[in-house]
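> I am attaching a structure below and will ask some questions about it afterwards.
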Ligand code: HXC
C-alpha cells in the first residue's frame, strides 16, 4: 500500500510542476504568474479543490506521445472567493503554451457543467497559444464545445474572463461570450489574426500590443471591460466585481446592512451650472448619491459619454447608467448605446436594480453615426431598458431631449420611478433649434432676425425647458430638491425590491443586434 501512496504523491507532485522550472522562470521573466500562483492569489487560502489533475491528452501526432503533462495545460476546479463558491480554470502557458485540444477542453467543459448544475460563477484565466496545432481538428471541436456552454450559461451564472497572456484566433470567442473581460496591460493581447497575418493581408504594420493589447481593447474596440495595471490588479478586479453580483440568476446580490441617518447631500444643490451648456462631471453626482467609495466603473475609458458601473445604495448592489455631460455633452452615439445596452442586460439577467442618471442632449447627428447604424445601435439601448424587469429608477438632472428622453429609462418604457431636479429640461429638442424651426418665417421676416430668434428661443425655453410639463402628465413622479435625491432613491429601491413583472410568453426576444 505504501508504494501506491508514494506513487500517488509522485503523480500529484508531477502535475503541480507544470512545464518545469525553466518554463516557469521564463513565465516569471515576462512579469507573469504561473497558472497555479494565479489561483492562489485569487481564491481564499486553502480553498482550492482541483479536478482532473491527472488528465492527459491521447494524441500521438508529431511526437506528442512523448510530451505528456499531467493536467494537460489547464488547471481546473472549484474554491471560494470571500467564502463564495466559484468554479475556475487556469491555463498553464508552461505546458505546451497552454494550447487547447481535446483533453484540455474536456476539463474546462466539465467545470462549466458543474457550475451550471450548482449555480455558481465561472472564472476563466486565459493564457494560451490557442488551438494545439499538433492535435488538429479536435482542438477546434474543443473550442466549440466551450463556446456552446458559454452560450448556454449566459444569463444563468456569471462568467468572468481574465486575459493574462496570448488569446488569439477563435480562442477569443469564449471570453467574448462571457459577461466581463479583464485584460492585463502590456502582457495580454486578444486578436482574431495576429500582426503577421495583418501585414500579409492589409499591409498594415502593427505590434501585438497596438493591435489587441488591453489599452486598445479598452479605448478603441470596447472588447474589454477592464484594463488592469498588472496581474495582481487583474485578479483583484475579479474579486471586486463578485461583491456586486449574485451567484446565479435565481439569487439576489449580497446586501450589506445599512441604517438610514442623514441622507441629505447639499453639495448636489450647487452642482448644475447656471449656463445649461456648461459641462459638469456626472461622476461627482454619482459619488454623492451612492455609499462612500462604492462605485466600480465598467469600461471606464470607452465611450466616456456614458458612464456605467456597479455601486451600493444603502448596502444594496445597483447598476448605474449615466450620461456624462463632461464628454461630448453626454450625447448618445453608437458606442455609448451599445455599452449601455450590454450593461443593462447584464444587470437585468442577474437581478441588479438599475439607477439611470440622465442629462442627454439627444442622439449624435452626422453621416458617421448614421452610416455606422445609430438607428439599430440606439435601438439596442431602448430594447434593453424596455425588456428589463429589475427595479428601475431614473433621475433627470438636466437635459432629457428628443428620442433620448424616451430611451433613457423613461416611465413609458417601464421605469418604476422617475424623478427630476428643478434644473431638468424635458422637451423635443433644445430651445435654439426648436425656435429656428417653428418660427422660421417670423425670424426671417423680422427687422433684426438675430434678436427675434433670441426672443423666440427664450419663449420656447420658458415654456418647455423645465420638468413641470412632464410632471403635470405624470411622466415624472416627483420634482425633487437635489439634496434629497439619495434619500428618495434609498426609499424607492426598498419600495421596489419585490417587483415582479411577467414578460409575454415567447421563445426569446429579437434584440436589434
Ligand atoms: C502547440 C504551442 C502553441 C500551439 C505555443 N506552443 N503555441 N504548442 N500549439 N498553438 C508551445 C511552443 O511550441 C513552445 O513549446 C511553448 O508553447 C511556448 O511558446 P513560445 O513560442 O516559445 O512562446 P512565446 O515566444 O511567448 O510566443 C507565444 C506565442 C507563440 C505568440 C503564443 O507560441 C505562437 O505564435 N504560437 C502559435 C499561436 C497560434 O498560431 N495558435 C493557433 C491560433 S488558431 P516549448 O516546448 O518550446 O516550450 C486558433 C484557432 C482556434 O487558435 C479556433 C477556435 C474556433
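Numbering (the working numbering), first residue to last: 14 to 526. For each residue, glycine too, the CB sits at the ideal point set by N, CA and C.
Using 8 Å as the cut-off, can you tell me whether the segment 381-398 makes contact with the segment 262-274, which would need three or more C-beta pairs spanning the two stretches below that distance?
no
> Which partner residues does residue 405 have in the DSSP bridge list?
Residue 405 is bridged by DSSP to 367.
> Would you call the segment 486-495 in contact with the segment 389-399, where contact means no fewer than 3 C-beta pairs closer than 8 Å?
By the Cβ rule, the segment 486-495 does not count as touching the segment 389-399, because fewer than three pairs are nearer than 8 Å.
> For the ligand HXC, I want to know if residue 32 counts as a neighbour, meaning its beta carbon is within less than 7 Å of at least one of the ligand's heavy atoms.
yes
> Counting only the same chain and skipping the five closest in sequence on each side, list residues whose C-beta sits under 6 Å from that of residue 65.
The beta carbon of residue 65 sits closer than 6 Å to the beta carbons of 89, 120 from its chain, once the five residues preceding and following it are set aside; these are given in chain order.
> Around the Cβ of residue 22, are there at least 16 other Cβ atoms within 10 angstroms (buried) or fewer (exposed)?
Burial call: exposed.
> What residues in its chain sit with their C-beta under 7 Å from that of residue 317, if we drop five residues either side in the sequence?
337, 340
> Does the Cβ-Cβ distance between residue 154 and residue 181 come in under 8 Å?
no
> Just curious, the beta strand (DSSP E) that residue 122 is in, first and last residue?
Note, residue 122: premise wrong, no beta strand (DSSP E); alpha helix (DSSP H) at 115-131.
> If the criterion is Cβ atoms closer than 8 Å, does the pair residue 292 and residue 342 meet it?
yes
> Return the Cβ separation of residue 443 and residue 374 in integer angstroms, given the expectation that the two are a contact with Cβ distance under 8 Å.
7 Å
> Would you give the residue range spanned by the alpha helix (DSSP H) that residue 308 belongs to?
Where residue 308 is concerned, there is no enclosing alpha helix (DSSP H), given that its DSSP letter is neither H nor E.
> Label residue 70 either buried or exposed according to how many other C-beta atoms from any shown protein chain fall within 10 Å of its C-beta, with 16 as the threshold for buried.
buried
> Ignore the nearest five residues each way along the sequence and tell me which others in residue 92's own chain have a CB closer than 6 Å to its CB.
Only 56, 60, 61 meet the Cβ criterion.
> Out of 259, 309, 147, which has the shortest C-alpha to C-alpha gap to residue 74?
Nearest option by C-alpha distance: 147.
> I'd like to know if the segment 200-214 and the segment 149-164 are in contact, where contact means that at least 3 CB-CB pairs between them fall below 8 Å.
No, the segment 200-214 does not touch the segment 149-164.
> Please determine, among 363, 143, 97, 150, the residue with the shortest C-alpha to C-alpha distance to residue 534.
Nothing can be reported for residue 534, as the shown portion of the chain is limited to 14 through 526.
> May I ask you to verify whether the segment 291-311 touches the segment 497-504, counting CB pairs closer than 8 Å and requiring at least 3?
yes
> Under 7 Å from any heavy atom of the ligand HXC, does the C-beta of residue 110 make it?
yes
> For residue 320 versus residue 296, is the C-beta distance shorter than 8 Å?
yes
> Can you name, in chain order, every residue of its own chain whose Cβ lies under 6 Å from the Cβ of residue 78, other than the five neighbours on each side?
Nothing listed; no residue qualifies.
> Can you tell me where the beta strand (DSSP E) with residue 257 in it begins and where it stops?
Per DSSP, residue 257 belongs to no beta strand (DSSP E) and is neither H nor E.
> Just checking my contact of residue 402 with residue 516 at CB under 8 Å: how many whole Å lie between their CB atoms?
7 Å
> Would you decide whether residue 260 is buried or exposed? Buried here means 16 or more other CB atoms lie within 10 Å of its CB.
So residue 260 counts as buried.
> Taking the continuous beta strand (DSSP E) assigned at residue 172, which residues delimit it?
172-176
> Residue 516 by DSSP, collapsed to three states: which one?
coil
> Could you give the distance in angstroms between the alpha-carbon of residue 420 and the alpha-carbon of residue 514?
20 Å
> Where do the ends of the beta strand (DSSP E) carrying residue 3 lie?
The displayed coordinates of the chain run from 14 to 526. Any statement about residue 3 would go beyond what the structure contains.
> Would you say residue 153 touches the ligand HXC, meaning its beta carbon is less than 7 Å from a heavy atom?
yes
> What do you reckon, is the C-beta of residue 184 under 7 Å from a heavy atom of the ligand HXC?
yes
> Mind checking which residues open and close the beta strand (DSSP E) that includes residue 332?
329-336
> Residues in its own chain within less than 6 Å of residue 438 by CB, not counting five upstream and five downstream?
412, 478
> What does a CB cutoff of less than 8 Å around residue 235 pick up in its chain, not counting 5 residues either side in sequence?
312, 315, 316, 348, 351, 352
> Buried or exposed, going by whether 16 or more other CB atoms sit within 10 Å of the CB of residue 45?
Of the residues assessed, residue 45 falls on the buried side of the cut-off, its CB having 16 or more other CB atoms within 10 angstroms.
> What does DSSP give as the partner residue(s) for residue 399 in the beta ladder?
None, per the DSSP bridge assignment.
> Is the distance from the Cβ of residue 101 to the Cβ of residue 52 below 8 Å?
yes
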